[in-house]
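Chains as they are written, first to last, in the UniProt record's numbering: chain A, 1 to 376; chain B, 1 to 401.
Okay, here's the thing in structure tokens:
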């Protein structure tokens, strides 16, 4: 599983998290009582506010809902279970669910286990040009049956690191609106990708401003470094408060038979941080530290490859964003990297940028150079 | 128009309704007997000392926040299995079990239900005692099962309808799934005696039923962790390979931290490995991996001798206070001059008590005395204190005399 690493190759507990955990530990008025089924209210409200923006029209119009979940996975699962029961009819397991090719491998299992019978892929990664296959994506959306569900990565697409530009998102939204396609965003890297919460949430907010009803599964694993506390949130944006209220009441029933109520510790940490201007600023700074290090590793790797004259183009390394990068190495070259150079990539050529450090940059660049020049 | 126009409003939670009404009540003597969490003799939530100590140890260790394995914290799952099965258990020592961390009792039950749905094709029927915890039915239903019932509680005697239970269980179709409450039956507080458990085990074996134990109160029921796990251990000794769900919500007061475990007793260690691999495949698309905090606290307590000793004392303390409240309620009812037989209040065990009160009587308790409970006459003894037990007895006498 992928997690952030420092330049020393170590896990990093965010300083603001350490601080807030100490505050929680010192607070004798806190106990371990059950949270409400939908979660800690201060967490839910703040988490959705982070995704949608302080000035979100949907929040102002009181047409959003939130379900505290066990990580991003838990949020996806609750959303999927709800959609299978209530979307496009009652218990319509035949509604097509579209997942990008490629995507995080667990997306498929989430929707299969939620009961959907027709899981399809939509074109996304263009291996030849090492970028987004926008035309293929739009074509798939044009051809998709009306009311199909599309899983969209809000930013820092996993595993390719390739996101649509704002203009491309606008085109995607236009087709989805015209064809009545349901947007289900997976937002696991807000802040972590670019260092800016607003920038990383641009797509979600654009869809909201275009009047979509949508779901957004949020994870605080990476941007808060709270991996093992399982902090996530399912944000629901609806047409009006009444619809959202009914949706949430049914999601509550789903939660009750899945985990009854969510874990307290991680939600308390996030809620405390987001609710305090000072702690929020500290958090923002910590997030930027992580994002900046990854961005630095990207630019350093690219410049080394270009200096070495490694065959091919390497601008995709810096154009891609987030934890992962699709290097473009083929399976044979990947095998070389693993066997001969002891550098571990996925067979897809996906590299975890967090594994790069100032100490190993030269070695990794040279190894990629060797792999590309020696192996075709 | 909205995608959700046809979505119905979910039904209001009955127990929540009780709590909401309680909150609105301005009577200074009000009592909330719907609460499903332990309260101390001042009516306050109780954080165990051993929990505080474990938390301090965790804070001082400055651990990272890396993901747990899908099956959870190994020290926790191993200690959970040992707690339930007993350190001398053949099944435990031989390793012919798999235990995965679950999201408290509910999450553990659900993992098991999903596992059975996928791998136990012999039956789609789950048999619950009548009555059972309200959430059992929707959990198994959502996992794809039909719910059936076997007689359990006798409202005439407010105790176990043992002959009815044996009669019904003897007729359950072979290879059906039967759910049993290991101790402190929720909501009635009525548990079989050990002799009765022996008979139930024989019937269940004869009918070749798949047994699923729900153990949410080990230690919390009698005050003795071995005594409370007796039925589970006996069944396993009789060669019944049970499924088991454990919760640490009540016995360690870890409610909101969601610490629990799901265990499958297998034929051998090799089968256990195969089962484990399938459980992980089920868990990953639910929530990827479990939350660390509660499991770490529980693990430190169970695995640190001094803290474990302290925990055993504290859990006995909670159980003893509950037992003492039961005793005081009965003696106060006698003092009030009640001529009814209230023995079931002290015969029953655990957090909950089926008083035998009728809906009209419950209504009067709520309206006239501000004493809140569910319509079925169930009270949470945890909500009773030495300060209010007299008032409660007085009120019950008024509505039943």
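The beta carbon of each residue, even a glycine, is placed where N, CA and C say it ideally should be.
- Taking C-beta separations shorter than 6 angstroms and ignoring five residues to either side along the sequence, the partners of residue 134 (chain A) in its chain run 168, following chain order.
- Between the alpha carbons of residue 374 (chain A) and residue 311 (chain A) lies a gap of roughly 11 angstroms.
- Put simply, the CB of residue 227 (chain A) is near chain B, with a gap under 7 angstroms to one of its CB atoms.
- Residues of the segment 263-277 of chain A with a C-beta less than 8 angstroms from any C-beta of chain B: 263, 264, 265, 266, listed in chain order.
- Between residue 263 (chain A) and residue 368 (chain A), the alpha-carbon positions lie close to 43 angstroms from each other.
- Spanning the alpha carbons of residue 328 (chain A) and residue 161 (chain A) requires a straight line of approximately 12 angstroms.
- Contact between the segment 143-153 of chain B and the segment 93-108 of chain B is absent, with fewer than three C-beta pairs closer than 8 angstroms.
- DSSP, reduced to helix, strand and coil, places residue 73 (chain A) within a helical segment of the structure shown.
- Contact between residue 329 (chain B) and residue 395 (chain B) is absent: CB atoms are separated by about 11 angstroms, not below the 8 angstroms threshold.
- Looking from the CA of residue 371 (chain A), the closest CA among A:354, A:347, A:362, A:337 belongs to A:337.
- Here residue 299 (chain B) has 73, 75, 76, 79 as same chain residues with Cβ atoms under 8 angstroms from its own Cβ, once five neighbours each way along the sequence are excluded.
- Going by C-alpha positions, residue 261 (chain B) is about 5 angstroms away from residue 246 (chain B).
- Here residue 50 (chain B) carries a helix assignment [DSSP, helix/strand/coil].
- Residues of chain B with a Cβ closer than 9 angstroms to the Cβ of residue 11 (chain A) are, in chain order, 64, 65, 66.
- For residue 141 (chain B), the enclosing alpha helix (DSSP H) starts and ends at 136-142.
- Considered as a whole, the segment 72-114 of chain A harbours 97-101 as its complete beta strand (DSSP E) runs of no fewer than 3 residues, in chain order.
- Residues of the segment 288-304 of chain B whose Cβ lies closer than 8 angstroms to any Cβ of chain A, in chain order: 288, 289, 290, 291, 292, 293, 294.
- If you draw a straight line from the Cα of residue 202 (chain A) to the Cα of residue 31 (chain A), it is about 38 angstroms long.
- Within a 10 Å sphere around the beta-carbon of residue 289 (chain B) sit 16 or more other beta-carbons, which makes this residue buried.
- Considering only beta carbons, no part of the segment 142-155 of chain A lies closer than 7 angstroms to chain B.
- Among the CB atoms of chain A, none fall inside 7 angstroms of the CB of residue 311 (chain B).
- Assignment of residue 35 (chain B) by DSSP, reduced to helix, strand and coil, places it in the coil class.
- The beta-carbon separation of residue 383 (chain B) and residue 39 (chain B), rounded to 6 angstroms, stays under the 8 angstroms limit for a contact.
- Taking a Cβ-Cβ threshold of 7 angstroms, the residues of chain B close to residue 250 (chain A) are 7, 10, in chain order.
- For residue 281 (chain A), the number of other beta carbons within 10 angstroms of its own is below 16, and it is reported as exposed.
- If one requires a minimum length of 4 residues, the alpha helix (DSSP H) runs lying completely within the segment 247-292 of chain A are 265-275, in chain order.
- Residue contact with chain B for residue 66 (chain A): absent (no Cβ-Cβ distance below 7 angstroms to any residue of chain B).
- The C-beta of residue 165 (chain A) comes no closer than 7 angstroms to any C-beta of chain B.
- By the neighbour-count definition (other C-beta atoms within 10 Å, threshold 16), residue 22 (chain A) is an exposed residue.
- At the C-beta level, residue 44 (chain A) and residue 66 (chain A) come within 7 angstroms of one another.
- Between residue 131 (chain B) and residue 77 (chain A) a beta carbon distance of about 30 angstroms is seen, past the 8 angstroms cut, so the two are scored as non-contacting.
- Spanning the alpha carbons of residue 121 (chain A) and residue 230 (chain B) requires a straight line of approximately 52 angstroms.
- Two segments are said to touch when three or more pairs of C-beta atoms, one from each, lie closer than 8 angstroms; by this definition the segment 289-301 of chain A touches the segment 343-354 of chain A.
- In chain order, 285 make up the part of chain B whose C-beta sits under 7 angstroms from the C-beta of residue 113 (chain A).
- Between residue 192 (chain A) and residue 287 (chain A) the beta-carbon gap is near 6 angstroms, inside 8 angstroms, which marks them as a contact.
- The way I'd put it, the segment 341-350 of chain B does touch the segment 182-195 of chain B; three or more beta-carbon pairs between them come closer than 8 angstroms.
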